[in-house]
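Novice: Would you mind keeping the following structure in view while I ask a few things?
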Amino acid sequence: MAPTDEESLASTAEDGAPFVRQAAPAATTPPGRPPLAGAVAPGGRMPRWLPRAMVLALALIAAFQLGSWAFHQLTGLLINILIAFFLALAVEPAVSRMAARGMRRGLATFLVFFGLTIVIAGFVTLLGSMLAGQIIKMIEGFPEYLDSLINWINQTFHTELKRVDIQEGLLHSDWLRKYVQNSAAGVLDVSTQVLGGLFQLLTVGLFSFYFAADGPRLRRALCSVLPPARQAEVLRAWEIAVDKTGGYLYSRGLMALISGVAHYILLEVMGVPYAPVLGVWVGLVSQFIPTIGTYLAGALPMLIAFTVDPWYAVWVLGFVVIYQQFENYMLQPKLTAKTVDIHPAVAFGSVVAGTALLGAVGALIAIPAVATLQAFLGAYVKRYAVTDDPRVHGHRSRTPSGPGALTRARRLWAGRRPGGRKQS
Numbered sequence: 459m460a461p462t463d464e465e466s467l468a469s470t471a472e473d474g475a476p477f478v479r480q481a482a483p484a485a486t487t488p489p490g491r492p493p494l495a496g497a498v499a500p501g502g503r504m505p506r507w508l509p510r511a512m513v514l515a516l517a518l519i520a521a522f523q524l525g526s527w528a529f530h531q532l533t534g535l536l537i538n539i540l541i542a543f544f545l546a547l548a549v550e551p552a553v554s555r556m557a558a559r560g561m562r563r564g565l566a567t568f569l570v571f572f573g574l575t576i577v578i579a580g581f582v583t584l585l586g587s588m589l590a591g592q593i594i595k596m597i598e599g600f601p602e603y604l605d606s607l608i609n610w611i612n613q614t615f616h617t618e619l620k621r622v623d624i625q626e627g628l629l630h631s632d633w634l635r636k637y638v639q640n641s642a643a644g645v646l647d648v649s650t651q652v653l654g655g656l657f658q659l660l661t662v663g664l665f666s667f668y669f670a671a672d673g674p675r676l677r678r679a680l681c682s683v684l685p686p687a688r689q690a691e692v693l694r695a696w697e698i699a700v701d702k703t704g705g706y707l708y709s710r711g712l713m714a715l716i717s718g719v720a721h722y723i724l725l726e727v728m729g730v731p732y733a734p735v736l737g738v739w740v741g742l743v744s745q746f747i748p749t750i751g752t753y754l755a756g757a758l759p760m761l762i763a764f765t766v767d768p769w770y771a772v773w774v775l776g777f778v779v780i781y782q783q784f785e786n787y788m789l790q791p792k793l794t795a796k797t798v799d800i801h802p803a804v805a806f807g808s809v810v811a812g813t814a815l816l817g818a819v820g821a822l823i824a825i826p827a828v829a830t831l832q833a834f835l836g837a838y839v840k841r842y843a844v845t846d847d848p849r850v851h852g853h854r855s856r857t858p859s860g861p862g863a864l865t866r867a868r869r870l871w872a873g874r875r876p877g878g879r880k881q882s
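Just so we're aligned: the sequence shown equals residues 459 to 882 in the numbering used here.
As structure tokens, then:
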């Protein structure tokens, strides 16, 4: 320890020697610590791994952004491929049956799709001609409807309206001019949507044709990259999907037949023209066009019934609403549970979930997809024998602790009666 000033002065005074300040010994520095991992290298240089880590992080971010952008751009194509796959599963039984009799699979697929195209085109042509005739009839009878409406207004409200004045007012109104301008501007948008719909329909048709025609080759290509155990599972899942999709289409066809017959009877009783065609329209559109199919199916019969009597349109609307409730809550759950073999609540929930995820397409393919998944997973779930308990069958269990309250009350009453024996 270095001497202080007082100690130096004391030593000088004692010894008598001149005062000499002694230098304090140099302080010892602690030994240097090793540099921490990840610290800056000596000389201020960054570690070697840091540039590579930054490049890797930027590359991962760029790959994620590119994948997200590509997925959003290809969503429409992926949905079309999904529809085409389920359509190919629907026609698979017919194509396989024709191919088993010696016909080439490509030719069998072409004949099946050609038959479907002929049926759809014939129905659309017949329906279009009927609709065009009814529209022409409504346009020709519009002045008569307008005259009757004007007469009713004049008699009820004591006015003096004339059809000529109303027509001139409508022709020279700003509302009509703006409506015509907006309609002319929207023609291009409608044409674009129609062309886009035709392109999507062509895409779905081509993919479904290739999936159905090259079904065995597609299964072989898929199984070639899987081990033998997985190959059996994939083939079994494919077979289940074909069965469930066929069952779903069968249930839809049966519901379309019931709906068409019910609406045909109503329209025929009221004397609405083209009742058979309108019945077929309601049955097919309401069952095979999800979400908005019911409204499209009911709008056309109401329009045709309005040309006969305006009150007939109201009756048709009421019948459509009542029948839709009957179909949604009674008919569809039972048929779906029998043909697709899923619980009605699961079927309803799958439709709601499919609509939320993929819209109309999800509502259409939700039931066969869920039925396929349920049947496939059911083979791998271990099940046990259910215990013989009354609660399993919906009955309350009886405890053997003693007689019930009613029995005890009877015994107590019998013991208090005159001449009765009291319970010991």
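Idealized CB from N, CA, C, for every residue including glycine.
I'd like to know if the stretch 797 to 806 and the stretch 675 to 686 are in contact, where contact means that at least 3 CB-CB pairs between them fall below 8 Å.
Specialist: In short, these stretches do not touch, since the Cβ pair count stays below three.
Novice: Mind pulling the alpha helix (DSSP H) runs of 4 or more residues that sit fully within the stretch 586 to 634?
Specialist: Runs of the alpha helix (DSSP H) inside the stretch 586 to 634: 621 to 629.
Novice: Sort Leu822, Gln832, Leu535, Pro848 by Cα distance to Gly655 and report the nearest one.
Specialist: Within the sequence shown, the letter at position 197 stands for residue 655. Considering only alpha carbons, the answer is Leu535.
Novice: Quick check on the DSSP output: the alpha helix (DSSP H) that includes Val738 runs from which residue to which?
Specialist: The residue labelled residue 738 in the question sits at position 280 within the sequence shown. Note, Val738: alpha helix (DSSP H), 733 to 746.
Novice: Since Val891 and Gly711 are thought to touch, with beta carbons under 8 Å apart, how far apart are those beta carbons, to the nearest angstrom?
Specialist: The structure shown has nothing for residue 891, since the chain only spans 459 to 882.
Novice: Out of Ala690, Thr865, Ile747, Pro734, point me to the one whose CA is closest to Leu707's CA.
Specialist: Locating residue 707 in the sequence shown gives position 249, where the first residue counts as 1. Out of Ala690, Thr865, Ile747, Pro734, Ile747 has the C-alpha closest to the C-alpha of Leu707.
Novice: Does Leu684 come out as helix, strand or coil in the three-state DSSP assignment?
Specialist: The count along the sequence shown starts at 1 and reaches residue 684 at position 226. Residue state, collapsed to three classes: coil.
Novice: Which class does Gly560 belong to by DSSP, given the choice of helix, strand or coil?
Specialist: Here residue 560 refers to the residue found at position 102 when the sequence shown is read from its first residue. Coil.
Novice: Here's the rule: buried if 16 or more other CB atoms are within 10 angstroms of the residue's CB, otherwise exposed. What is Val783?
Specialist: Position 325 of the sequence shown, counting from 1, holds the residue named residue 783. Residue identity check: residue 783 is Gln in the sequence provided, not Val. Exposed: under 16 other Cβ atoms inside 10 Å.
Novice: Give the DSSP-derived three-state secondary structure of Val844 in the structure shown.
Specialist: Position 386 of the sequence shown holds residue 844. DSSP places Val844 in coil when its eight states are reduced to three.
Novice: Restricting to Cα atoms, I'd like to know which of Arg563, Thr703, Phe572, Leu660 is closest to Ala671.
Specialist: In the sequence shown, counting from the first residue as 1, residue 671 sits at position 213. Closest option to Ala671, Cα to Cα, is Arg563.
Novice: Sorted by chain position, which residues of the same chain lie with C-beta nearer than 8 Å to Arg621's C-beta, five sequence neighbours on each side aside?
Specialist: Here residue 621 refers to the residue found at position 163 when the sequence shown is read from its first residue. So the list reads Pro601, Leu604, Asp605, Ile608, once near-sequence residues are dropped.
Novice: For Trp871, count neighbouring Cβ atoms within 10 angstroms of its own Cβ and tell me buried if that reaches 16, exposed if not.
Specialist: Here the question's residue 871 lines up with position 413 in the sequence shown. By the neighbour-count rule (16 or more Cβ atoms within 10 Å), Trp871 is not buried but exposed.
Novice: In three-state terms, what does DSSP make of Ile800?
Specialist: As a working mapping, residue 800 is identified with position 342 in the sequence shown. It is coil, neither helix nor strand.
Novice: Quick check on Thr617: buried or exposed, where buried means 16 or more other Cβ atoms within 10 Å of its Cβ?
Specialist: As a first step, residue 617 is located in the sequence shown; it is residue number 159 there, counting from the start. Flag for Thr617 reads exposed.
Novice: Using the rule of at least 16 other Cβ atoms within 10 Å of the residue's Cβ for burial, across every protein chain shown, is Gly705 buried or exposed?
Specialist: The residue given as residue 705 occupies position 247 in the sequence shown. It is buried - the Cβ of Gly705 has at least 16 other Cβ atoms within 10 Å.
Novice: Could you check which residue in Leu585, Ser554, Val553 has the C-alpha nearest to that of Val428?
Specialist: No information on residue 428 is available, as it lies outside the stretch 459 to 882 that the chain covers here.
Novice: For the stretch 770 to 781 against the stretch 806 to 820, do three or more pairs of beta-carbon atoms, one drawn from each stretch, fall closer than 8 Å, so that the two count as touching?
Specialist: Because the criterion of three Cβ pairs below 8 Å is not met, the stretch 770 to 781 and the stretch 806 to 820 do not touch.
Novice: Pop quiz: Pro759 and Leu725 are said to be a contact at Cβ under 8 Å. What is the actual Cβ separation, rounded to whole angstroms?
Specialist: Against the sequence shown, residue 759 aligns to sequence position 301. Against the sequence shown, residue 725 aligns to sequence position 267. Sure, about 6 Å apart at Cβ, within 8 Å.
Novice: Pick helix, strand or coil for Asp701, following the three-state DSSP scheme.
Specialist: As a first step, residue 701 must be located in the sequence shown, where it is residue number 243. Here Asp701 sits in helix by DSSP.
Novice: Between the alpha carbons of Leu518 and Leu524, how many angstroms are there, rounded?
Specialist: On the sequence shown, position 60 is the one that residue 518 refers to. On the sequence shown, position 66 is the one that residue 524 refers to. Each residue's Cα considered, the two are about 10 Å apart.
Novice: Going by DSSP, what residue range makes up the alpha helix (DSSP H) through Tyr753?
Specialist: Along the sequence shown, one-based indexing puts residue 753 at 295. Taken as a continuous stretch (DSSP letters only), the alpha helix (DSSP H) holding Tyr753 covers 751 to 766.
Novice: Please look up how many angstroms separate the CB atoms of Pro826 and Val844, rounded, as I've assumed it's under 8 Å.
Specialist: As a first step, residue 826 is located in the sequence shown; it is residue number 368 there, counting from the start. As a first step, residue 844 is located in the sequence shown; it is residue number 386 there, counting from the start. No, Pro826 and Val844 are not in contact; Cβ-Cβ is about 29 Å, not under 8 Å.
Novice: With a threshold of 6 Å on Cβ separation, who are the neighbours of Asp632 within its own chain once the five nearest residues in sequence on each side are excluded?
Specialist: Translated into positions along the sequence shown, residue 632 becomes position 174. Same-chain partners within the cutoff: there are none.
Novice: Assuming Met713 and Gln745 make a contact with CB atoms under 8 Å, what is their CB distance in whole Å?
Specialist: One-based indexing of the sequence shown puts residue 713 at position 255. One-based indexing of the sequence shown puts residue 745 at position 287. With a Cβ gap of about 5 Å, Met713 and Gln745 count as contacting.
Novice: For Arg510, report the span of its alpha helix (DSSP H) as first-last.
Specialist: Within the sequence shown, residue 510 is the residue found at index 52, counting from 1. Segment 507 to 531, the alpha helix (DSSP H) holding Arg510.
Novice: When the Cα atoms are used, what is the spatial distance from Val513 to Thr533?
Specialist: Along the sequence shown, read from residue 1 onward, the residue named residue 513 stands at position 55. Along the sequence shown, read from residue 1 onward, the residue named residue 533 stands at position 75. Roughly 30 Å separates the two Cα atoms.
Novice: Report yes if the C-beta distance between Phe543 and Gly663 is below 9 Å; otherwise report no.
Specialist: Within the sequence shown, numbered from 1, the residue matching residue 543 stands at position 85. Within the sequence shown, numbered from 1, the residue matching residue 663 stands at position 205. No; because the gap between Cβ atoms is not below 9 Å, this pair is not in contact.
Novice: Taking Gly756 and Val778 to be in contact with their CB atoms under 8 Å, please state how far apart those CB atoms are, rounded to whole angstroms.
Specialist: For the purposes of this step, residue 756 is taken as residue 298 along the sequence shown, with counting starting at 1. For the purposes of this step, residue 778 is taken as residue 320 along the sequence shown, with counting starting at 1. Between Val778 and Gly756 the Cβ distance is about 4 Å, and since that is below 8 Å, they are a contact.
Novice: So which of Tyr781, Tyr842, Ile539 has the shortest CA-CA distance to Gln658?
Specialist: Numbered from its first residue, the sequence shown carries residue 658 at position 200. For Gln658, the nearest C-alpha among the options comes from Ile539.
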